[in-house]
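Numbering (our numbering), first residue to last: 907 to 1241.
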């Protein structure tokens, strides 16, 4: 095959990328840190109608610098912003960041999702757990990490199903590495109505999320937007947040194009997407190990990023176990 999953089928198959998770099961929330071993450029593309992000302007092509030290994905809605503070504080003690004389300033953007209505104990008063979770996730970074009810995906819900943390990778015969990680907390559905088949099924490699493929030829599913009974239409109550990475050497503007193209991966895996109730955000980062030789190579990276992200979405829900009022994918009637 000219393309295949990497050995872990995770974003850490991109050389130089590490990931760490931390969870609080009592609160039903968590944090995921994506950590480049060397500071690298990044960009964020936001498409949802109710986003929650921080420090993304630092990555804008018009900004002076856009190299990042880590990217943080967190539950907790606005409370989850403190996860980034915990990561910044720890990196600062390590001397990681931009040096200004005797000071060091880590650059840590990130995004949050809403998991405040999943039944966990949110009575934390003035001490939300996210700063500590951010530090713990950073301490846990490595090449292997859990999927499903892990990290920022612990408290996530995907329409009528339990959401989760997903990741996937694609490597090519000529040395490109592309990976994705996503916390799926979507208003839209990741499965075709009335079935256990993923919208991303045509993109599946092997049996990475069940090996079911497309629905049977006689499937007559409804095209209408699928919602569970009495679904709460609450602003900011969802959001799917993701990071894609590659090993190419990309400029700020080139990473912007990859992030834009990668958003199509969400559209291939979740329907509907980018709604008024979601804050869908995709970060793109590049570790610079392989030179970019021509514009067609950039288009190829963006295309691979989109398909890899779609697969990661399905893997996140496939590996998630039921929690609270959201059953896991395994509870669906198989067809």
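Idealized CB from N, CA, C, for every residue including glycine.
Does DSSP classify residue 1071 as helix, strand or coil?
By 1-based counting over the chain shown, the position of residue 1071 is 165. Three-state result, residue 1071: strand.
Name the residue from 1076, 1077, 1056, 1081 whose alpha carbon lies nearest to the alpha carbon of residue 1070.
As a first step, residue 1070 must be located in the chain shown, where it is residue number 164. Of the candidates 1076, 1077, 1056, 1081, the one whose C-alpha sits nearest the C-alpha of residue 1070 is 1056.
Measure the C-alpha to C-alpha separation of residue 1188 and residue 1084 and round it to an integer number of angstroms.
As a working note, residue 1188 is residue 282 in the chain shown. As a working note, residue 1084 is residue 178 in the chain shown. Rounded to whole angstroms, residue 1188 to residue 1084 spans 14 Å at the Cα level.
So, are the CB atoms of residue 1218 and residue 1009 less than 9 Å apart?
On the chain shown, residue 1218 is found 312 positions in, with the first residue counted as 1. On the chain shown, residue 1009 is found 103 positions in, with the first residue counted as 1. No, the Cβ-Cβ distance between residue 1218 and residue 1009 is not below 9 Å.
Within the same chain, show all residues whose beta-carbon is closer than 7 Å to that of residue 1204, passing over the 5 residues directly before and after it, in chain order.
Along the chain shown, read from residue 1 onward, the residue named residue 1204 stands at position 298. For residue 1204, where only same-chain residues beyond five positions count, the Cβ hits under 7 Å are 1160, 1163, 1198.
Can you tell me which of 1155, 1144, 1210 puts its alpha carbon nearest to the alpha carbon of residue 1166?
Numbered from its first residue, the chain shown carries residue 1166 at position 260. It is 1210 whose Cα lies nearest to the Cα of residue 1166.
Three-way DSSP call (helix, strand, coil) for residue 1102 in this model:
Along the chain shown, read from residue 1 onward, the residue named residue 1102 stands at position 196. Three-state result, residue 1102: coil.
For residue 1191, the first and last residue of its enclosing beta strand (DSSP E)
Taking the first residue of the chain shown as position 1, residue 1191 is located at position 285. Counting along the chain, the beta strand (DSSP E) containing residue 1191 begins and ends at 1187-1196.
For residue 1002 and residue 1186, the rounded distance between their alpha carbons:
In the chain shown, the residue the question calls residue 1186 occupies position 280. In the chain shown, the residue the question calls residue 1002 occupies position 96. Going by the C-alpha atoms only, they are around 29 Å apart.
Give the range of the beta strand (DSSP E) segment to which residue 941 is assigned.
Numbered from 1 along the chain shown, position 35 holds the residue referred to as residue 941. Run containing residue 941: 935-942, per the beta strand (DSSP E) assignment.
Beta carbon of residue 1184 nearer than 9 Å to that of residue 1094:
Counted from its first residue, the chain shown places residue 1184 at position 278. Counted from its first residue, the chain shown places residue 1094 at position 188. Yes. Within cutoff.
Is there contact between the region 1047-1056 and the region 1220-1238, where contact requires at least three CB pairs shorter than 8 Å?
yes
Who are the Cβ neighbours of residue 1224 in its own chain at under 7 Å, not counting the five residues just before and after it?
Stepping through the chain shown from its first residue, residue 1224 is reached at position 318. 1115, 1116, 1235, listed in sequence order.
Check each candidate in 1023, 1098, 992 and name the one with the smallest Cα separation from residue 1062.
As a position in the chain shown, residue 1062 is number 156, starting the count at 1. Considering only alpha carbons, the answer is 1023.
Just curious, the beta strand (DSSP E) that residue 926 is in, first and last residue?
For the purposes of this step, residue 926 is identified with residue 20 of the chain shown, where counting begins at 1. Here the beta strand (DSSP E) through residue 926 covers 923-930.
For the beta strand (DSSP E) that contains residue 1029, what are its first and last residues?
In the chain shown, residue 1029 corresponds to position 123, counting from 1. Note, residue 1029: premise wrong, no beta strand (DSSP E); not H, not E.
Opposite residue 1147 in the DSSP bridges: which residues?
As a position in the chain shown, residue 1147 is number 241, starting the count at 1. The partner list for residue 1147 (beta bridge, DSSP) reads 1089, 1187.
Which residue wins for smallest C-alpha separation from residue 943, given the options 962, 955, 922?
On the chain shown, position 37 is the one that residue 943 refers to. Nearest option by C-alpha distance: 922.
Using only CA atoms, which one of 915, 938, 1046, 971 lies nearest to residue 977?
Numbered from its first residue, the chain shown carries residue 977 at position 71. Nearest option by C-alpha distance: 938.
Out of 1044, 1195, 991, which one is the CA nearest neighbour of residue 926?
Along the chain shown, one-based indexing puts residue 926 at 20. The shortest Cα separation from residue 926 among 1044, 1195, 991 belongs to 1044.
Report yes if the C-beta distance between residue 1148 and residue 1064 is below 9 Å; otherwise report no.
Within the chain shown, residue 1148 is the residue found at index 242, counting from 1. Within the chain shown, residue 1064 is the residue found at index 158, counting from 1. Their beta carbons are not under 9 Å apart, which means residue 1148 does not touch residue 1064 by this criterion.
Does the Cβ of residue 1032 have 16 or more other Cβ atoms within 10 Å, making it buried, or fewer, making it exposed?
By one-based count along the chain shown, residue 1032 stands at place 126. So residue 1032 counts as exposed.
In terms of residue numbering, what span does the beta strand (DSSP E) encompassing residue 1219 cover?
Within the chain shown, numbered from 1, the residue matching residue 1219 stands at position 313. Element bounds for residue 1219: not the beta strand (DSSP E) but the alpha helix (DSSP H), 1201-1224.
Quick check: what's the CA-CA separation for residue 1100 versus residue 955?
As a first step, residue 1100 must be located in the chain shown, where it is residue number 194. As a first step, residue 955 must be located in the chain shown, where it is residue number 49. Taking the straight line from one Cα to the other gives about 27 Å.
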